[in-house]
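Per my numbering, the sequence shown starts with residue -10, numbered consecutively.
The beta carbon of each residue, even a glycine, is placed where N, CA and C say it ideally should be.
Remember, predicted model here, so these are calculated numbers, not experimental data.
Notes to accompany the following structure.
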Amino acid sequence: MKSQFLFGRAKLVLGFVLLLLAKHSMAQTLSPTPDFSALDAQVQQWMDAKSYPGAGLWIVSKDGKTLHERYWNGYTRDTTVMMASATKWMEAALLMKEVDEGKMKLDAPIATYLPELKASPLGQNTLRQMYSHTSSINHVTIDELEGLIRFPALLAAAKAPDVKPGEVFQYGGMALATGFRAIEVVEDKPWMTVFAQKIMQPLGMKNTYTGADAWTMDRIVGGDTFPRCNAADYMNFLLMLLNDGVFNGQRVLSFAAIREMQADQVSAAKVNAPEYPEVTLGQKHHGIYGLGEWRLMQNEQGEATVISSPSFAGMLPWIDKKHGIAGVFIGRSTGAGGLDAFHESVKLIALTNAAFDATPTKPHPIAFPLPEPLTMQNGTPVTSAGQWRAARRPELLRLFEENIYGKTPIGRPQNLRFVVREIKKNARDGKATRLRVGVLFEGSEAGRQMELLVYLPNDVKGPVPMFLGLNFDGNFTTTTEKDLPVPDHFVNGLFYRLPDHRARESLRGNNARMWPYDEILARGYGIATACYGEVEPDDKNQWWHGPRALAPSPPTQSDDWGTIGGWAWALSRAMDYLQTNKQVDPRRIALFGFSRLGKTAMWAGSQDERFAAVISQNSGKGGVSLSKRLVGERVSHLAGPDLAHWFAPAYAQYADNEVALPVDGHELAALIAPRPLLILSGTEDDFSDPEGEFLSGKAATPVYKLLGSDGLNADQWPAPQTLINSTIGYYLRLGGHNVTPEDWTATLNWADQHLKHSPPNSAPPMR
């Protein structure tokens, strides 16, 4: 007894020492510092040419650490310079603050806020169009508007432009100036006063001036009141954006607002090529602009990786999401030497990218010690498979229920019923039998339900192994087949903007690349999917639409289940159906999921051991990745106002307090043991922390070995495109947050060994 007490005390002391060492290690450079000398040389060249009388360059990491800082000719962080178009970013931020507060709507016509424009064709332009330069207002000439802009009522007299709202992208400032006036009307205050209260004060911006205290042309054409800022203020603004709306632990903008600003807002508008990203960086793509910001670079999924709001006057602020940095260059261009600052300053972004790409990286340390999966909460070591199953596994499930996902209070409903709505035996050019199966949670077509889309290979004899997973935008978006119905349930709008979350024919096949049915069928597997939005809409306070409403009481307690719990429950109901289909081998069904649905698959597979294997595709934090690394997405975001409905309310207590988490992703992975688990990551999926996903598999390996398996058979994070084909498999693809045909090829290669010919899964049925 005494030795056990001493062991426990020593463990606490060791943990405290490790915590101090880990905190110290976090302050160290995580990778070699890039060589920024080429940037300094470029600025010096401009200085030598007298293109700038002075300048400053400052590059900061996401956590606020200065990576590079240099000033020329007496400039400092506090030197105030002209912003010009660099204000557009800030202007859009204020608009999104109004949207966050429910005072304005992006898709409302400007006449909603400026009634004097109701009779004018200009009044039909929406705020989204105005702040993305796709409105018709920017096509009205300065000569026509210079007098009108001071008196909004006179705008109604302006003649209709040649283009319609949303038809053509044309960079300018007239529309944004009209937006200023709308904000002034809504708030009944001068624009600058509103901006100071809602943006400047929370960000500690003390030396920023964005124009006169009345709505005037000075904000567009210049003058003594032209907007000014310094590096210190602008960097605070950039760090807020880079940290998804949070600055110094306080939320300034919602996560949804940040994502809306960064999303492609050009949409179907015509872009008169070549435009700014192509001219300056050779980045030819359609999604060139968000709200108030240029999308200078984007990845293969269409996500912006480098965003900026450069100025003709010389200021260049930018965010590089791939490398997790913010940069700001300050200076007032003289134009000497023929310098076109608006186009030439962007060279600094290209040089920064080159510096990072030329710098080798090294592993990021784990910030806090990981909980030990083979040690009970009371300190008792777990040394046998029987002890794991009887004691430690149930304890871990309880900890995940109480702290992250919530308890699932119901199992298979007594009235659960399956209705085969369609059987098409010659689907996909005869390769498959396609079924549409209604899974009726309440036993009635009028009740809560989901439709399962099932494909079974026609040329395989006997029961087949299956993949099962949820999709984001409806079954009809996973294939181009014309005879699948367009649903009327909630759909997400994955990788494209869909504000109303309503399905429409134009979305058919939008996500088919993520679902290579023919390749899966050709390899001898079946596959089944349903839309998660039909189970329960992915939005706050929508629990009553889905299975959580079937529980005895509403989900209001700290350990009640969130939407991930509801979606996971639905996967078990899909398993209930698949067990009844004689063409399916119920002992060889693998769960898979991407992103939040990857978290869902992990949680479903942890609770329901009928699933023979689990495949985590970029499940990230709150999934298989390690939250205690403090790399990528933080609990403060996952448990924040935009995503908190995914989890149990208790999860919020770990926001900016990951050290207190009693469990982490490696123990979620351990709950799959000894069943096969495949972890898929992307090199540029920084939010998910791909290295943290790999390390999670490594940390779960002792449990697999205790249960007689090999776990993750790799000592080092592998190079991209290398499949680790062990029981815990791992594959790192080049690119970002997505599912690609390459991921599926790796999955099928892994499944051929661990699912297709695996021994029957004899696990007991659970919920």
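Check the Cα spacing between His655 and each of Tyr640, Pro665 and Leu615: the tightest is with Leu615. With contacts defined as CB atoms closer than 8 Å, Leu385 and Leu46 fail to qualify as a contacting pair. If the five residues before and after Arg401 are omitted, its C-beta is found closer than 8 Å to the C-beta atoms of Ser561, Arg562, Asp565 and Arg756, all from its own chain and listed in chain order. Around the beta carbon of Arg378, fewer than 16 other beta carbons sit within 10 angstroms, so the residue counts as exposed. Sequence-distant Cβ neighbours of Gly313 in its own chain, meaning closer than 8 Å and more than five residues away, are Ser50, Lys51, Leu231 and Asp675.
Counting only runs of 3 or more residues that sit fully inside the stretch 464 to 546, the beta strand (DSSP E) segments are 515 to 520, in chain order. Closest option to Val88, judged by alpha-carbon separation, among Thr545, Met250 and Phe301: Met250.
Per DSSP, the continuous alpha helix (DSSP H) segment holding Thr734 begins and ends at Pro730 to His743. Counted as a single uninterrupted DSSP element, the beta strand (DSSP E) harbouring Arg284 occupies residues Trp283 to Gln287. Along the length of the stretch 590 to 673, whole beta strand (DSSP E) runs at least 3 residues long occupy 602 to 606 and 666 to 671, reported in chain order. Where Phe456 is concerned, the enclosing beta strand (DSSP E) starts and stops at Val453 to Asn460. Sixteen is the threshold: since fewer than 16 other Cβ atoms of the shown chains lie within 10 Å of the Cβ of Arg486, the residue is exposed.
Annotation: Asp37 is outside any beta strand (DSSP E); the continuous alpha helix (DSSP H) that includes it extends over Ser26 to Asp37.
Taking a 10 Å sphere around the C-beta of Asn499, we find 16 or more other C-beta atoms and assign the residue as buried. Collapsing the DSSP output to three states places His57 in a strand. In the structure shown, Gly686 adopts helical secondary structure according to DSSP, grouped into three states.
For Leu441, the enclosing beta strand (DSSP E) starts and ends at Gln438 to Pro446. The beta carbon of Trp504 lies closer than 6 Å to those of Thr467 in the same chain, with the five residues before and after it left out. By the Cβ test, the stretch 446 to 457 is in contact with the stretch 515 to 529, since at least three Cβ pairs between them sit closer than 8 Å.
Three or more beta-carbon pairs separated by less than 8 Å are not found between the stretch 363 to 382 and the stretch 528 to 535, which leaves the two stretches without contact. For Trp556, the secondary structure class from DSSP, reduced to helix, strand or coil, is helix. The straight-line gap separating the alpha-carbon atoms of Ala740 and Gly482 is approximately 30 Å. Counting only unbroken stretches of 4 or more residues, the alpha helix (DSSP H) elements lying wholly within the stretch 275 to 350 are 330 to 333 and 336 to 346, in sequence order. Residue range Ile717 to Arg722 is occupied by the beta strand (DSSP E) that includes Tyr720. DSSP, read as helix, strand or coil, puts Tyr198 in strand.
Residue pairing by DSSP places Asp549 opposite Lys396 in a beta bridge.
Counting only residues of its own chain and dropping the five nearest sequence neighbours on each side, Leu359 has a CB closer than 8 Å to the CB of Leu615, Lys617, Asp653, His655 and Ala688.
Within 10 angstroms of the beta-carbon of Ser677 lie 16 or more other beta-carbons, which makes it buried. Bridge pairing for Arg425: Glu411 and Leu442 [DSSP]. Taking the C-beta atoms as reference points, Ile553 is found nearer than 8 Å to Arg585. When DSSP reads this structure, Thr115 sits in a beta bridge with Pro98. Residue range Val573 to Phe583 is occupied by the beta strand (DSSP E) that includes Val573, with no alpha helix (DSSP H) assigned at that position. The Cβ atoms of Lys153 and Ser125 lie closer than 8 Å to each other. Only residues of its own chain outside the window of five on either side were considered, and among them Leu95, Asp96 and Gly482 have a CB closer than 8 Å to the CB of Pro488, listed in chain order. Judged by beta-carbon spacing, Ile399 lies beyond the 8 Å limit of Ala637, meaning their Cβ atoms are not closer than that value. By the Cβ neighbour-count rule, Gly326 is exposed, with fewer than 16 other Cβ atoms within 10 Å of its own.
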